[in-house]
Structures are given as structure tokens and as C-alpha cells.
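To start, the structure under review is shown below, and the notes come after it.
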Amino acid sequence: MPAKEERNMTNPRSIALYGVLLLMVTSCVSVPLAPVEEDATAKQFSPAQGKCLVYLVRPAKGVGMGITITPVVDRQMVGALKEKTYAVAEVEPGKHVVALGGSGMETSAAVTIEAEAGQVYFVQVYPKMGMFAARSGVEQMSEEEGKKLVQESKLIKGF
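Count along the sequence shown from 1, add 1334, and you get the number used in the working numbering.
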């Protein structure tokens, strides 16, 4: 009878198994959500007088489900987005840059918005496949599409 094999935790199969398990556990990590009342208020899409609102929406997509994306508006971090969550930034009229990053991202992306007082803008953020790690994508959306995605999502608690 052959001798029982010792388990070697440094072999490639063990490392791959633990990597998959770690990915599964971390993909279940959630982000802090705002109270239901704040979510309902944000979904009224009403900027304060003389201000603009920028909604950053992370829809449900198959790629990168476990990746947290950190949107930044004019170099100010607004929170951490997982699938089906959104954040809102109140800004002054003028030029604003929405940039993205995230844990383990290969690159970041950005979009510039020329905001007008009293207007509401929607930006979709999402991870996409990269060579060695996830990449991020960002694009401005129409008001109709943006409102639909926000209604399907939950407001995060900002920083």
C-alpha cells in the first residue's frame, strides 16, 4: 500500500483553491448603505437651488461582481460602490471630473461633466476585464437611463 501523501499548502493547486475561496468570500463583502429615508430622498432627483447633482451608478453586470469601485468627484472620494449601488455628489455649476479607481484595478477611467445649475447628471461606473486585474469603465448616461438604474439600486453611505 502506498504511503499517505502529505498535504503541501504551497503546491499550485492548493494556492489556486485558496485564491478562489478568498475571491468568493471577499465578493460577498457589502458596502455600508444609507438609511432608507435618505435613499428615498435621493431618488427624488431634486438639486438644491443653484446646485447640480451627479449620480454615480454601479449596475449589476456579470464581470467583476466582487470588485469595489471607488468613484472620485473633483478629487473627493464619494464612497465605495458594489453592484446595484449608487452615490450622489452635490456640486456647483461648472466643469467636474468623475474618476474611478478601486482595489486591485489595473487602470482607472474618468469623464468630464459641464454641469449647469438645477441639472441632474448620471454617470455609470463598472469594472471590465483587464490583462492581470480588473479595469474600470465610466460613461455619462441619459437622464432616462440613469433614473432607471438609480431606482433599481441602493444609496451608499458616503465618506
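Backbone N, C-alpha and C fix where the C-beta goes; we use that ideal spot for every residue, glycine too.
Bounding residues of the beta strand (DSSP E) (the contiguous stretch that carries residue i)
i     : result
E1448 : A1444 to A1449
E1424 : T1419 to V1425
K1482 : Segment E1477 to Q1485 is the alpha helix (DSSP H) holding K1482; no beta strand (DSSP E) there.
F1456 : V1454 to K1462
T1402 : Counting along the chain, T1402 falls outside any beta strand (DSSP E), and DSSP gives it neither H nor E.
Contacts around residue i, its chain only, beta-carbon distance under 7 Å, and the 5 residues preceding and following it disregarded
i     : result
V1432 : V1388, L1390, P1405, V1407, A1444, V1445, I1447, V1457 and V1472
L1355 : Residue placement at L1355 is poorly supported in this model, since its pLDDT is 40, which falls under 50; the coordinates are not used for a value here.
K1377 : V1484 and Q1485
Contact set for residue i: own chain, Cβ-Cβ below 8 Å, skip 5 residues either direction
i     : result
S1487 : V1391, R1392, P1393, K1418, T1419 and Y1420
A1382 : E1424
Within 7 Å, strictly: CB atoms of residue i and residue j
i     : j     : result
G1492 : V1412 : yes
L1483 : A1368 : no
K1416 : V1365 : yes
Limits of the alpha helix (DSSP H) - the one that residue i falls within
i     : result
V1370 : V1370 to A1376
Residues near residue i in its chain [Cβ-Cβ closer than 6 Å; skip 5 each side]
i     : result
K1385 : E1424
Residue i (DSSP reduced to helix, strand or coil)
i     : result
A1382 : coil
P1366 : coil
A1394 : coil
V1472 : strand
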